[in-house]
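See below for the structure under consideration.
In my numbering, the protein residues as written are 62 to 137.
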């Protein structure tokens, strides 16, 4: 497809589907792999692989870990 951007095609995928796919990943925490992926079926596009990066945010002594989608690609 010709709509590839440097970060793939995440703009073509509804946020609800990206979020739902991210919920299939293991709970984010220190010591987990730095990157994981999940595959989803997107209406009118097809099968898509979404890559997630483990991120953290600190607030005083507390660290919050979360998965952030950073790339999406069409797979056949």
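Cβ coordinates follow ideal geometry from the N, Cα and C atoms, glycine included.
Proximity of residue i and residue j at Cβ, strictly below 7 Å
i           : j           : result
residue 81  : residue 98  : no
residue 116 : residue 127 : yes
residue 114 : residue 96  : yes
Rounded separation between residue i and residue j - CA only
i           : j           : result
residue 63  : residue 122 : Any reading at residue 63 must be qualified, since the residue scores a pLDDT of 46, below 50, and its modelled position is unreliable; no value is offered.
residue 104 : residue 87  : 25 Å
residue 71  : residue 78  : 10 Å
residue 124 : residue 110 : 28 Å
residue 84  : residue 67  : 25 Å
residue 101 : residue 136 : 10 Å
residue 106 : residue 130 : 18 Å
residue 134 : residue 76  : 15 Å
DSSP beta-bridge partners of residue i
i           : result
residue 101 : 109
Residue i, buried or exposed, once every other Cβ within 10 Å from all chains shown has been counted against 16
i          : result
residue 74 : buried
residue 69 : buried
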